[in-house]
Amino acid sequence: MSFPSPAADYAESRPDLNRLLVSRPHATFFIKADAQYPEQGILKGAMLVVDSSTKPVHGSLVVASPEDEMRLCRVQLAPFPALITVNSSEVLWTFSEPDFDERSQIFGVVTYVVNKTMILQN
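Each residue of the sequence shown is one higher than the last, beginning at 1 in UniProt numbering.
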């Protein structure tokens, strides 16, 4: 017969990144950043965790394809509803209503950014 360890109550389990980063598995996608966006804290090659079931709000970072090309955009609701490019603050798409129409092609909201901080040297 064995007794449980008194330290068992204080032992932490290993962190599970799926539990930490993915709240809706069927609506969550991982997209690799093809460029660097320093203002958003995104390095080139970062893994973007994108939730396609989350409704964007003012200031949300989203993956959208308003011109048939996947782009990282910021949602603006005031002074007028629009999608703004994150690297140049250019207005890509405007909306007549605060709701997002089908033509905006918002794929999902970026919920987390996973950056690699180690720099590899050859």
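All C-beta atoms in this analysis are idealised placements derived from N, C-alpha and C, irrespective of residue type, glycine included.
Nothing here was measured: the structure is a model prediction, and the numbers come from that model.
Round the Cβ separation of residue i and residue j to the nearest angstrom and send it over; I've been treating them as touching at under 8 Å.
i          : j          : result
residue 72 : residue 61 : 7 Å
residue 21 : residue 33 : Between residue 33 and residue 21 the Cβ distance is about 15 Å, and since that is not below 8 Å, they are no contact.
Determine the extent of the alpha helix (DSSP H) in which residue i is found, giving its start and end residues.
i           : result
residue 83  : Per DSSP, residue 83 belongs to no alpha helix (DSSP H); it is in the beta strand (DSSP E), 82-85.
residue 77  : Looking at the DSSP string, residue 77 is not in any alpha helix (DSSP H), and its letter there is neither H nor E.
residue 115 : No alpha helix (DSSP H) holds residue 115; DSSP gives it neither H nor E.
residue 14  : Looking at the DSSP string, residue 14 is not in any alpha helix (DSSP H), and its letter there is neither H nor E.
What's the gap between the Cα of residue i and the Cα of residue j?
i           : j           : result
residue 51  : residue 80  : 24 Å
residue 66  : residue 112 : 22 Å
residue 36  : residue 14  : 31 Å
residue 94  : residue 84  : 9 Å
residue 31  : residue 2   : 48 Å
residue 39  : residue 4   : 50 Å
residue 70  : residue 6   : 53 Å
residue 106 : residue 12  : 39 Å
residue 82  : residue 41  : 22 Å
residue 45  : residue 58  : 26 Å
residue 26  : residue 117 : 29 Å
residue 89  : residue 28  : 27 Å
Per DSSP, which one or two residues make a beta bridge with residue i?
i          : result
residue 51 : 28, 109
residue 64 : 71, 106
Short check: CB of residue i to CB of residue j, under 7 Å?
i           : j           : result
residue 74  : residue 86  : yes
residue 56  : residue 109 : yes
residue 53  : residue 24  : yes
residue 115 : residue 17  : no
For the beta strand (DSSP E) that residue i lies in, which residues bound it at each end?
i          : result
residue 92 : 91-94
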